[in-house]
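Chemist:
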Amino acid sequence: MRHFLTLNDFSKDEIEQMINLARRIKKEAKAREFKPYLKDQKLAMIFEKSSTRTRVSFDVGMHELGGYALFLSKNDIQIGRGEPIRDTARVISRMCDMAMLRVYKHETLEEFAQFSSVPVINGLSDKFHPVQLMADYLTMLEFSAGEKVAYVGDGNNMTHSWLMLASKLGLELRVATPKGYEVDAEILKMANENAKISGAKIFITNDIKEAVNGADVVTTDTWVSMGQEAEKEKRLKDFAGYCVDENLMSLAKKDAIFLHCLPAYRGYEVSEAIFERHADEIFSEAENRLHAQKGVMVWLDERRR
359 MRHFLTLNDF SKDEIEQMIN LARRIKKEAK AREFKPYLKD QKLAMIFEKS STRTRVSFDV
419 GMHELGGYAL FLSKNDIQIG RGEPIRDTAR VISRMCDMAM LRVYKHETLE EFAQFSSVPV
479 INGLSDKFHP VQLMADYLTM LEFSAGEKVA YVGDGNNMTH SWLMLASKLG LELRVATPKG
539 YEVDAEILKM ANENAKISGA KIFITNDIKE AVNGADVVTT DTWVSMGQEA EKEKRLKDFA
599 GYCVDENLMS LAKKDAIFLH CLPAYRGYEV SEAIFERHAD EIFSEAENRL HAQKGVMVWL
659 DERRR
C-alpha cells in the first residue's frame, strides 16, 4: 500500500504512470464515458483548512469514479476537540477506503498516514502541495510547454512541490524569492540529490529577471497564504517588485505559459493583464485538479490489491 504525501516518495516512472492514467481518464470523461474505477469506495475528506478547488475536485472526482466522498471539517469530528490523530486515522480507515487531508502541519498528515490502513492523500500541508503539481504538470503537457520553469514568489509549499517535481522528472527549475523567504534548506537538499540522478537543473536566486529569462513556464502563488493574515502588511512590503507583470513576462519565451494554483490576487503576485491573457491556461490548470487527482486515486487503489 502506498500513500501520496510528497512527490519525493515516487520515482519518475511512477509519476508518469499517474499522469498517463489521468490523461486517459480525462479523455474518457470528456467523451462522457465515466468508468467505475472506484465503484462503491468511500473517500474521507478531512479539512483543517477550507478550500474551493480541493473540495470540489475530490468530491466530483470520486463521484465520477463510482465512489462516494465524505466531507469532514475539523468541527465535524473529534479531532477538532483533541482526539489524537492516530485514533482518528484508525477509525476512519476501518470505515473508508481512502483518506484525503488538507492540514496546517505536514506532521499531522504523516502521523495520520502512519496509523492508517488505507491510502492517504495530501490535499495540502505547510510543506507540500503534491496534488496541485500533478495538475500543473498535466497542464504543461496539454499546452506542449517546454521544460524550463520559473517560479516567482514565496518559498512555500508550492515551491517545495515544484522542487520535488522538477528534480524527479529532470526539468529545469529557477526559483526567485525575496531575501528571507527562501525555500526550506532540507527540501532543497533533497531536490539537489534527486537532480544528480534525473539530470534536473535547479537554480535559486533573488533576481526575478534571472529566473524568468527564457522560461517556458512562469508560475507564482499568493504572497499571503491562509494562516498568515497577521503577516500581511509585512509580506506585501517584502514582496513588492515580485509581481508577474507584462514587463517580467516579456523576458520569458514568446509562447511561454503562465500558471497559478489560485486563488489569485490581481495587482499583487500577478497583474490583471497577465492573468486574463493566460486565463485559459490557469483555469485548465484548475480543472486538471479533478483529472490529475482521479489518476492518483486510481493508481493508489491499484497498488493495494
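In our numbering, the protein residues as written are 359 to 663.
Idealized CB from N, CA, C, for every residue including glycine.
1) Indicate whether the contact test is met: 3 or more Cβ pairs, each with one atom in the region 574 to 584 and one in the region 548 to 565, closer than 8 angstroms.
2) DSSP on Met-480, reduced to helix/strand/coil?
3) Between Val-476, Glu-591, Ile-566 and Ser-408, which lies nearest to Asn-605 when the distance is taken from Cα to Cα?
4) Given Tyr-623, which residues of its chain have a CB within under 7 angstroms of its CB, disregarding the five upstream and five downstream residues?
5) Would DSSP call Ser-519 helix, strand or coil?
6) Between which two residues does the beta strand (DSSP E) holding Leu-648 run?
7) Tell me the start and end of each unbroken alpha helix (DSSP H) in the region 369 to 405 that is at least 4 residues and wholly inside, in chain order.
8) Would you kindly work out how many angstroms separate the C-alpha atoms of Asp-434 and Pro-442, rounded to a whole number?
9) Would you say Pro-442 faces chain C, with C-beta separation under 8 angstroms as the test?
10) With a threshold of 16 other CB atoms inside 10 Å of the CB of Ile-404, please say whether the residue is buried or exposed.
11) Name the DSSP bridge partner or partners of Glu-530?
12) My output table needs one value for Arg-452: the three-state DSSP class, helix, strand or coil.
13) Unbroken alpha helix (DSSP H) runs of length 4 or more, entirely within the region 545 to 591: which are they?
14) Distance check for Val-541 and Leu-617, CA to CA, integer angstroms please.
15) For Phe-470, name the three-state secondary structure that DSSP assigns.
16) Looking at the unbroken beta strand (DSSP E) that takes in Ser-608, where does it start and where does it end?
17) Using CA coordinates, which residue listed in Ala-447, Asp-455, Met-607 and Thr-535 is at the minimum distance from Glu-468?
18) Considering Cα atoms alone, identify which of Val-654, Gln-651 and Leu-620 is closest to Glu-639.
19) Looking at Val-575: is its Cβ nearer than 8 angstroms to the Cβ of Ala-508?
20) Might you give, ordered along the chain, the residues of its own chain that have their beta carbon closer than 6 angstroms to the beta carbon of Ile-562, omitting 5 neighbours on each side?
21) Using three-state DSSP, classify Leu-620 as helix, strand or coil.
22) Taking the alpha carbon of Leu-531 as the reference point, which residue from Gly-538, Arg-382, Gly-557 and Tyr-539 has its own alpha carbon closest?
23) Specify whether the region 388 to 402 and the region 420 to 429 touch according to this definition: at least 3 beta carbon pairs, one from each stretch, less than 8 angstroms apart.
Modeler: According to the structure data:
1) No: the two stretches stay apart, fewer than three of their Cβ pairs being nearer than 8 angstroms.
2) Per the sequence shown, the amino acid found at residue 480 is Asn instead of Met. DSSP places Asn-480 in strand when its eight states are reduced to three.
3) For Asn-605, the nearest C-alpha among the options comes from Ile-566.
4) Setting aside the 5 residues that flank it on each side, Tyr-623 is surrounded in the same chain by Thr-580, each with a C-beta closer than 7 angstroms to its C-beta; the list follows chain order.
5) Ser-519: helix per DSSP, three-state reduction.
6) Premise fails: Leu-648 lies in the alpha helix (DSSP H), 637 to 660, not in any beta strand (DSSP E).
7) Those alpha helix (DSSP H) runs which fall completely within the region 369 to 405 and span 4+ residues are 370 to 388.
8) Roughly 15 angstroms separates the two Cα atoms.
9) In summary, chain C is missing from the structure at hand, where a single protein chain is found.
10) With 16 or more other Cβ atoms from the protein chains shown falling within 10 Å of its own Cβ, Ile-404 counts as buried.
11) For Glu-530, which the question treats as bridged, DSSP gives the partners Lys-506 and Lys-559.
12) If DSSP states are grouped into helix, strand and coil, Arg-452 belongs with the helices.
13) Counting only runs of 4 or more, we get 566 to 570.
14) Using only the alpha carbons, I get a separation of about 19 angstroms.
15) It is helical.
16) Taken as a continuous stretch (DSSP letters only), Ser-608 belongs to no beta strand (DSSP E), as it is neither H nor E.
17) Comparing C-alpha distances from Glu-468 to each of Ala-447, Asp-455, Met-607 and Thr-535 shows the shortest one belongs to Ala-447.
18) From the listed residues Val-654, Gln-651 and Leu-620, the smallest Cα separation to Glu-639 is found for Leu-620.
19) Yes.
20) The answer, listed in chain order, is Val-533.
21) Correct three-state label for Leu-620: coil.
22) Leu-531 has its Cα closest to that of Gly-557, out of Gly-538, Arg-382, Gly-557 and Tyr-539.
23) Contact between the region 388 to 402 and the region 420 to 429 is present: 3 or more CB-CB pairs across the two stretches fall below 8 angstroms.
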